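Asks:
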Amino acid sequence: MSATINLEKKHFPVLLDEIIKIISPRYSGTFLDCTFGQGGYSEKILENPNNKVIAFDRDAKSIKLALKFKNHFKDRFEFNNKKFSQIKNIDTKNVKAIIFDLGCSTDQIFDDEKGLSFNFKGKLNMKMGLNNFSAHDVINKLDKDDLTKIFKFFGEEKDARKIALRILEARTRDNLSTEDLVRIINKEKKNYNYKINKSTKIFQSLRIFVNQEISELIYGLINAYKLLPVNGYIIVITFHSLEDKIVKFFFKNYAEEKKVSRYLPSSKHINKIFELFNKKVIIPTEEEIKTNPSSRSAKLRYVKKIKEGANFDEFLLKFKKFLEIEKIGRKLW
Ligand SMILES: C[S@@+](CC[C@H](N)C(=O)[O-])C[C@H]1O[C@@H](n2cnc3c(N)ncnc32)[C@H](O)[C@@H]1O
2 MSATINLEKK
12 HFPVLLDEII
22 KIISPRYSGT
32 FLDCTFGQGG
42 YSEKILENPN
52 NKVIAFDRDA
62 KSIKLALKFK
72 NHFKDRFEFN
82 NKKFSQIKNI
92 DTKNVKAIIF
102 DLGCSTDQIF
112 DDEKGLSFNF
122 KGKLNMKMGL
132 NNFSAHDVIN
142 KLDKDDLTKI
152 FKFFGEEKDA
162 RKIALRILEA
172 RTRDNLSTED
182 LVRIINKEKK
192 NYNYKINKST
202 KIFQSLRIFV
212 NQEISELIYG
222 LINAYKLLPV
232 NGYIIVITFH
242 SLEDKIVKFF
252 FKNYAEEKKV
262 SRYLPSSKHI
272 NKIFELFNKK
282 VIIPTEEEIK
292 TNPSSRSAKL
302 RYVKKIKEGA
312 NFDEFLLKFK
322 KFLEIEKIGR
332 KLW
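Using our numbering, you'd call the opening residue of the sequence shown number 2 and step up by one each time.
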């Protein structure tokens, strides 16, 4: 039986060689691919006949491909149509690494039903799968202050308030579609960086909010730590600065020795639970970016778990504001 299944794919797996370099010389075993997508990582990991992959993806469209994997790799492959914040109750005896390749795949970006891009026309959506509300609900139902917070904190959009105000004015007449939103943004944004489309930041903020990407990442990382046996690896690829800030803090903060108080020297070492590799982040080579331009913003960070018993209160506190903003979504459930 061949090790690959030769599928026609639009998605190039990002930093694949670097991922394989991290995991393969060390051992064979079970790997959790938390973002199965087009199966690029899973397929490569399964080339080693001693490896098993337990995969997750929130997008129901992954199920068809996952079935092909199941037929081909049999017991060495398992798939769960679940969000990665829910990775629990798995037999993790032999798990060697848990991998997250965040964001969306090229197939999803070109899927007009999902409407992830500002180039599409029609009803706003942006749901990757297993969502409670869509971008249509956000743009047409939330008030000005809520929209401002989403655009400002998840998109770092300088004109957040002005754009939120225009949305409120426009929607008294209509239900706003993707092209209406793009028109409002184009009219409202006078000064902008010509290298990126005027709509990029607002669309990014909506995608993060609709898919609750901040809480997904934070609880995904915490659960990965809890599941992973000592000596296992957590490997994450991020694509925007907010994701990267969260991963960097999680890895760096818990890879350091800390004193709780200078009056209590014996309570040192409470929180060093990771060994951090590559203090400098790993990024794609120029050659990879040339073949796959959408890899240009990718950043890879990884750690080895060295201890059980961590307490993540500080992590949750650090990103409390972002978690609170995502909770605005509960108004739409
Ligand atoms: C960048 S793609 C992964 C590509 C994959 N590494 C490959 O080589 O084909 C990200 C995938 O993660 C999925 N995803 C994003 N957030 C998720 C979450 N919170 N839980 C589960 N899957 C998620 C998306 O649906 C998408 O299929």
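Where is the CB? At the ideal position from N, CA and C, for every residue including glycine. Note that the coordinates shown come from a computational prediction; the quantities given were computed from them, not determined experimentally.
#1: Ligand 1 and T292: does any heavy atom of the ligand fall closer than 8 Å to the residue's C-beta?
#2: Report the residue from K22, I23 and G30 whose alpha carbon sits nearest the alpha carbon of P230.
#3: What did DSSP end up calling E257 once you bin it into helix, strand or coil?
#4: Between the stretch 85 to 95 and the stretch 63 to 71, can you find at least three pairs of beta-carbon atoms closer than 8 Å?
#5: Tell me K305's beta-bridge partners as DSSP assigns them.
#6: Check whether the Cβ of H12 lies closer than 9 Å to any Cβ atom in chain B.
#7: So, using beta-carbon positions, are D108 and F121 closer together than 9 Å?
#8: Just reading off the beta strand (DSSP E) that E170 is part of, what are its end residues?
#9: Give me the Cβ distance between K97 and Y234, rounded to the nearest whole Å; I'm assuming they're in contact under 8 Å.
#10: Please work out which residues of its chain come closer than 6 Å, Cβ to Cβ, to K150, disregarding the five sequence neighbours upstream and downstream, and give them in chain order.
#11: If I measure Cβ to Cβ from I307 and keep anything under 8 Å in the same chain, skipping five residues before and after, which residues do I get?
#12: So A225 is in the alpha helix (DSSP H); what residue range does that whole segment cover?
#13: Residue range of the beta strand (DSSP E) that K142 falls in?
Replies: On the basis of the data shown:
#1: Taking the first residue of the sequence shown as position 1, residue 292 is located at position 291. T292 Cβ: outside cutoff for every heavy atom of ligand 1.
#2: Within the sequence shown, residue 230 is the residue found at index 229, counting from 1. From the listed residues K22, I23 and G30, the smallest Cα separation to P230 is found for G30.
#3: The residue labelled residue 257 in the question sits at position 256 within the sequence shown. When secondary structure is reduced to three states using DSSP, E257 falls in the coil class, being assigned neither helix nor strand.
#4: Here the stretch 63 to 71 does not lie against the stretch 85 to 95, with fewer than 3 beta-carbon pairs under 8 Å apart.
#5: Walking along the sequence shown from the start, residue 305 turns up at place 304. According to DSSP, which records beta bridges pairwise, K305 is partnered with Y234 and E276.
#6: No chain B appears in this structure, which consists of one protein chain only.
#7: Counting from one through the sequence shown, the residue named residue 108 turns up at place 107. Counting from one through the sequence shown, the residue named residue 121 turns up at place 120. D108 is not a Cβ neighbour of F121, given a cutoff of 9 Å.
#8: Counting from one through the sequence shown, the residue named residue 170 turns up at place 169. In this chain, E170 is not harboured by any beta strand (DSSP E); it is covered by the alpha helix (DSSP H) spanning A161 to R172.
#9: One-based indexing of the sequence shown puts residue 97 at position 96. One-based indexing of the sequence shown puts residue 234 at position 233. Indeed they touch by this definition, with Cβ atoms about 7 Å apart.
#10: On the sequence shown, position 149 is the one that residue 150 refers to. Only I326 meet the Cβ criterion.
#11: The count along the sequence shown starts at 1 and reaches residue 307 at position 306. Closer than 8 Å at Cβ, skipping near neighbours: V231, N232, K273, I274, F275 and E276.
#12: Your numbering for residue 225 matches position 224 in the sequence shown. Residues E214 to L228.
#13: As a working mapping, residue 142 is identified with position 141 in the sequence shown. Segment A136 to K142 is the alpha helix (DSSP H) holding K142; no beta strand (DSSP E) there.
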